[in-house]
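Protein chains in written order, with this note's numbering: chain A, 15 to 341; chain B, 15 to 341.
Note that the Cβ used here is the ideal one computed from N, Cα and C, for glycine as well.
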């Protein structure tokens, strides 16, 4: 069996493959934004997951390369459209497509990129095609649903924790899960293994998102490179907020309602008042416990995959890499 | 062999099937616009073409029903996104999705509808799947390219006839062609037959679009239900305009440039001055000749399909129905 490839090796392989994927087609207005968004970089984690899930079975990762690239193309399509909907000026520190060109270009280039994702994913042996398509279609639909739930939450008063978990599962976790299962599928893994890898992806995705929520308020911001408590400032309903809202007494509820109703507060005042409520209710620990639960579930599913531990090493490393910011 | 189904029978069958396709899913903000746009009506011509192309081979049209519905879902997805890009207030006399809800809803519902189209199209025997996907992906990409060319033409000074024909081929004709070939593919038609039906679709699509251009200026407007010379008023570069531009002398060019540079003219003055140039250059006849050429090519391809003439009757009727406005 071939030596297991490291994450860095897989990322290098993917960068090369994505560079080689030519989008020098006509009309330029349609394809230039695609090249642009793909060259903004990013860690290529989703396609790396496809290849890892193939590699653990000792199957040549080249076999799953088109599906890996398909996941990356799809992910970038969602970024293009999400950035329009979120009115985001920047993506990975660079101007977003709808700002650099315009919204129409971002809509249509996104659509074309979505088709390109399908074109890449269907480059598989006929025997895998139906299962790959069903998995990907279901995932793509859930990603749309997740984005819609996320937009709905902005104007919703109360968001339940279960609704929140469903949203982050759909918006983030299912694509990681789909990537892993696709790689396993192409490696002819058993259905049980495919399911365990899918669930590993779901729980790792959830744990990662919960960690992201916690770090927004409690992380070392210099390291994270973000505005301190940016989620609080823009009234985003995160795990911390929802936990606080669930447990708040009348007075604490008043504070949350007051500060999350508007944006025009002194930033330091808002953050410190909200963090006071968070501290009183110990929501950091509650969310940390939820995160740990999903992390442990992920590891359990990975442990249940029927390959030797040394073949799982790269997935363990990946998990550590993803979660290292809180460890 | 079963009796050939009439267009009306196929349309009734499709209306029922599309009604039965439930979009009562959550979140409602994502799926209600899909139900809305599908219930605006329309003649269901694209899915009918899929079924016709299956029916001519005596194969049960039920076999191709998911692919037929997929074509209709895809078509409606393109309408949703095109209407945003074209800033269109109305579609089939009703408020467009981005006007009734908002642009974000129209983008995301459109994306979800696109996935629904794929979900329907992949409901085929495994042996057809790769060919169906390749054909559909290529078509979807060309439809995006066609829309981009169309948008480019708005700000382009001169548009060549070949560029124009490519645009209308991609924007309109390829989906008719794809629908026909998909139906034939599922009926196990030979590759030659599939190609002839595809080309029949291309040329019928081109002839139809050229007819539409001619009727905008020279049609019985009461019957067509459109603004007289609406294309001229909004400076649209149609076949008539391009022919005129190609053949114009210096003075005629001045008239065209003058009236197509702005929209703030007296409508009657603009129409009559532009139509004078069109008449001098006899562009109506030139475009009519182009249309006839494509119509004849379509019929030639249909004649080359290896089924008996009586099985082709419904496609002949379809062609007549489509083109009856100028006959």
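> Within this structure, are the beta carbons of residue 120(A) and residue 111(A) separated by less than 8 Å?
Replying inline: yes
> What does residue 188(B) reach in chain A if we use C-beta pairs closer than 7 Å?
Replying inline: Result: empty, since nearest Cβ-Cβ is about 13 Å, beyond 7 Å.
> Does the distance from the CB of residue 136(B) to the CB of residue 147(A) come in under 8 Å?
Replying inline: yes
> Nearest chain A C-beta to residue 121(B) closer than 8 Å, yes or no?
Replying inline: yes
>> With a threshold of 7 Å on Cβ separation, who are the neighbours of residue 321(A) within its own chain once the five nearest residues in sequence on each side are excluded?
In response: 70, 71
> Name the chain A residues whose beta carbon is nearer than 8 Å to that of residue 95(B)?
Replying inline: 121, 122, 125
> Since residue 224(B) and residue 304(B) are thought to touch, with beta carbons under 8 Å apart, how far apart are those beta carbons, to the nearest angstrom?
Replying inline: 6 Å
>> Considering just the uninterrupted stretch of the alpha helix (DSSP H) at residue 37(A), what are its terminal residues?
In response: Taken as a continuous stretch (DSSP letters only), residue 37(A) belongs to no alpha helix (DSSP H), as it is neither H nor E.
>> Excluding the 5 residues flanking residue 31(B) on each side, which residues of the same chain have their C-beta closer than 7 Å to its C-beta?
In response: 79, 83
>> Please tell me whether residue 154(A) has its Cβ less than 8 Å away from any Cβ of chain B.
In response: yes
>> So, with DSSP's three-state summary, where would you put residue 110(B)?
In response: coil
> Given residue 284(A), which residues of its chain have a CB within under 8 Å of its CB, disregarding the five upstream and five downstream residues?
Replying inline: 246, 247, 273
> Within 7 Å: the Cβ of residue 190(B) and any heavy atom of the ligand GTP?
Replying inline: As for the ligand GTP, it is missing from this structure, which has no ligand bound.
>> Starting from residue 226(A), trace the alpha helix (DSSP H) in both directions and tell me its first and last residue.
In response: 205–232
> How far does the alpha helix (DSSP H) with residue 128(B) in it reach, from first residue to last?
Replying inline: 117–135
> Roughly how many whole angstroms lie between the Cα atoms of residue 196(A) and residue 81(A)?
Replying inline: 7 Å
>> Starting from residue 15(A), trace the alpha helix (DSSP H) in both directions and tell me its first and last residue.
In response: Residue 15(A) -> no alpha helix (DSSP H), and no H or E assigned at all.
> Which residues, in order along the stretch 59–87 of chain A, keep a beta-carbon less than 8 Å from a beta-carbon of chain B?
Replying inline: none
>> Between residue 234(B) and residue 253(B), how many whole angstroms is the CB-CB distance? I'm expecting something under 8 Å.
In response: At roughly 19 Å, the Cβ-Cβ gap does not stay under 8 Å, so residue 234(B) and residue 253(B) are not in contact.
>> Quick check: the stretch 301–320 of chain A against the stretch 202–222 of chain A, are at least 3 beta-carbon pairs closer than 8 Å?
In response: yes
> Along chain B, in chain order, which residues have C-beta atoms closer than 8 Å to that of residue 118(A)?
Replying inline: 98, 99, 165
> Out of 53(A), 18(A), 57(A), 34(A), which has the shortest C-alpha to C-alpha gap to residue 25(A)?
Replying inline: 57(A)
> In whole angstroms, what separates the C-alpha of residue 268(B) from that of residue 153(A)?
Replying inline: 55 Å
>> Strictly below 9 Å CB to CB, what residues from chain B border residue 332(A)?
In response: Chain B residues near residue 332(A): none, gap ~28 Å exceeds 9 Å.
> Do you know how far the Cα of residue 90(B) is from the Cα of residue 341(B)?
Replying inline: Any reading at residue 341(B) needs caution, since the residue's pLDDT is 43, under 50, leaving its predicted position unreliable; the model's value is listed next. Cα-Cα distance, rounded: 29 Å.
> For the candidate residues 291(A), 324(A), 279(A), 286(A), whose alpha-carbon lies nearest to that of residue 256(A)?
Replying inline: 291(A)
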